[in-house]
Amino acid sequence: MLSYYFKLAWLSLRKTPLLSVLMVSTIALGIAAAMVTYTVSYMMTKDPLPEKSDRVFTVQLSSWGPDQPYLMVDGQEEIPAMVSYRDARSLKAAAKAKQETAIGLFKIMSRAEEQNRRDAQMRMIRTTHNDFFSMFQVPFLYGNAWSEQDDSSGNPVVVITKALNDELFGGANSVGRHIVMGESLMQIVGVMDDWFPIPRFYYLSSQAYQDPEALFVPLEYQINQQIFSHNDVTWSCWQDVEDVDFSVFIASDCIWLFYWAELESAEDRADYMDFINAYVDEQKSTGRFARENLSRLFTIDDYLRWAEVLSNENDMAVWLAFAFLLACLLNCMSLMMTKFYGKGSEIGLRRAVGASRNDICWQFLCEAFLIGILGGVLGLIFAQLGLQLIQQIFTYLNVTVMQMDLNIMLMTLILSVVTSVLFGLWPIYRAAQIQPSSQLKSL
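Add 257 to a position in the sequence shown, counting from 1, and you land on the number used in my numbering.
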């Protein structure tokens with residue numbers, strides 16, 4: 258019987274093509290606007306490390322100088338998000354976490370060993386400890402992260418991204434081959450598979466939606482080579498360290514590294530915080546860390562909200578988009594009312610030959626269902642076009658931010674059908690109340 262109702266609904270849509278197109282297009286536009294906004298918001302705010310985000314923390318220390326606070330926000334003192342090299346080295350040596358890594362950056366010319374010097378490009382180089390890769394679940398296409406020995410000695414080894422491997426080596430297994438970085442010959446030990454954490458949480462919030470750097474090297478390599486791109490990375494000092502050499506800089510309290518630690522469980526947070534407080538007290542006894550101890554641990558979500566990467570503005574945009582969807586649905590409901598009421602003579606005739614109100618309701622419900630399906634499919638097409646347009650405008654954003662996953666696509670279709678049927682209930686109810694006698698008289 259249901260197939261019969263769907264047949265009648267399909268014939269009804271074909272009888273009034275202009276009205277049907279208007280209803281389908283109205284729903285499609287509303288669905289597209291809502292789902293484009295929702296997709297971008299969802300992809301920009303989803304948990305980038307869901308399996309362990311509650312036990313991975315960034316460490317912030319009250320390491321600023323005594324003369325003035327690092328920053329005042331709404332009358333409250335804020336401490337820096339980064340740490341100095343000497344503190345990162347001390348925390349790493351203490352080994353109180355399951356895994357931990359400092360994260361830095363520098364900029365240098367680089368090329369494949371086989372390329373000419375003129376083919377070298379200026380690239381940002383990410384410096385880390387080898388725990389970075391397992392802590393943040395970085396997948397590998399070839400090879401692995403560098404060894405503990407490479408970590409501690411700062412050996413000239415490098416991990417590169419799949420994109421750079423495709424560019425320089427045509428996608429072949431490049432483990433064991435070399436990249437020239439500045440004047441140094443770096444051996445490739447690993448090639449990452451596709452890895453785009455969104456938001457990119459592990460460094461500055463201003464880079465939260467950019468692709469990861471193409472090359473990763475041990476932090477101690479950077480220290481051994483005394484490489485520091487003062488003009489290209491973020492750093493701050495409360496002391497005057499201008500016109501001093503690199504060894505003085507890294508021994509100072511200048512902050513330029515992020516520090517992340519993974520604990521065995523979220524319950525270990527208090528114990529690790531006790532260790533941090535003990536470390537701060539120890540430094541105070543040596544004359545450092547002269548300010549009040551405001552040191553803290555932030556989870557990934559804590560840090561992203563503190564850095565205002567995640568904000569209520571994203572929710573506001575989604576609410577506005579769904580308000581537009583509501584307006585489209587109200588318009589569609591009005592069009593349905595016009596169409597269903599316009600079929601009064603047909604309803605009267607069907608009722609006269611024995612059709613019940615339930616039969617009329619089922620027919621129109623099937624029609625509203627078809628309108629929802631067609632609107633959802635067309636809405637998906639509009640949404641994909643909208644996401645591509647956003648991608649062309651905001652080229653600095655990672656492309657994964659503008660991609661619908663299967664769950665969102667299914668949700669789009671379900672939303673379209675459910676809302677179409679719900680907003681069709683009132684027109685259906687009104688049409689079902691039409692009296693056969695009044696319509697037959699007009700025939």
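Even glycine gets a Cβ: it sits at the ideal position worked out from N, Cα and C.
{"Asked": "Sub-7 angstroms separation of Val-414 and Trp-403 beta-carbons", "Found": "yes"}
{"Asked": "Proximity of Met-701 and Val-658 at Cβ, strictly below 7 angstroms", "Found": "Shown here, the chain extends from 258 to 700; a query on residue 701 therefore has no answer."}
{"Asked": "Euclidean distance between Cα positions of Ala-354 and Glu-521", "Found": "8 angstroms"}
{"Asked": "Opening and closing residue of the alpha helix (DSSP H) in which Met-301 lies", "Found": "274-302"}
{"Asked": "Other residues of its chain near Gln-479: CB distance less than 7 angstroms, five sequence neighbours each side excluded", "Found": "Gly-361, Phe-363 and Thr-384"}
{"Asked": "Nearest candidate by alpha-carbon position, reference Phe-389, set Ile-445, Ser-441, Val-575 and Trp-517", "Found": "Trp-517"}
{"Asked": "The region 405-420 in contact with the region 444-464 per 3-pair CB rule at 8 angstroms", "Found": "yes"}
{"Asked": "The region 282-296 / the region 535-542 touching (three or more Cβ pairs under 8 angstroms)", "Found": "no"}
{"Asked": "Three-state secondary structure assigned by DSSP to Ile-455", "Found": "coil"}
{"Asked": "Per-residue DSSP class, three states only, for Arg-548", "Found": "coil"}
{"Asked": "Reduced DSSP secondary structure (H/G/I, E/B, other) of Leu-697", "Found": "Bear in mind that a pLDDT of 49 at Leu-697, under 50, signals an unreliable position, so the model cannot answer this."}
{"Asked": "Simplified DSSP state of Gln-540, which is helix, strand or coil", "Found": "helix"}
{"Asked": "DSSP three-state assignment for Glu-334, whether helix, strand or coil", "Found": "strand"}
{"Asked": "Contact set for Ser-269: own chain, Cβ-Cβ below 6 angstroms, skip 5 residues either direction", "Found": "Glu-624"}
{"Asked": "Among Asp-616, Leu-644, Leu-642 and Pro-456, the one whose alpha carbon lies nearest that of Tyr-686", "Found": "Asp-616"}
{"Asked": "Rounded separation between Ser-260 and Leu-306 - CA only", "Found": "46 angstroms"}
{"Asked": "Length-filtered (3 minimum) beta strand (DSSP E) runs lying within the region 405-466", "Found": "414-417, 435-438 and 441-449"}
{"Asked": "DSSP three-state assignment for Tyr-262, whether helix, strand or coil", "Found": "helix"}
{"Asked": "C-beta contact flag for Ile-365 and Leu-472 at 7 angstroms", "Found": "no"}
{"Asked": "Cα-Cα separation, Val-674 to Lys-264", "Found": "18 angstroms"}
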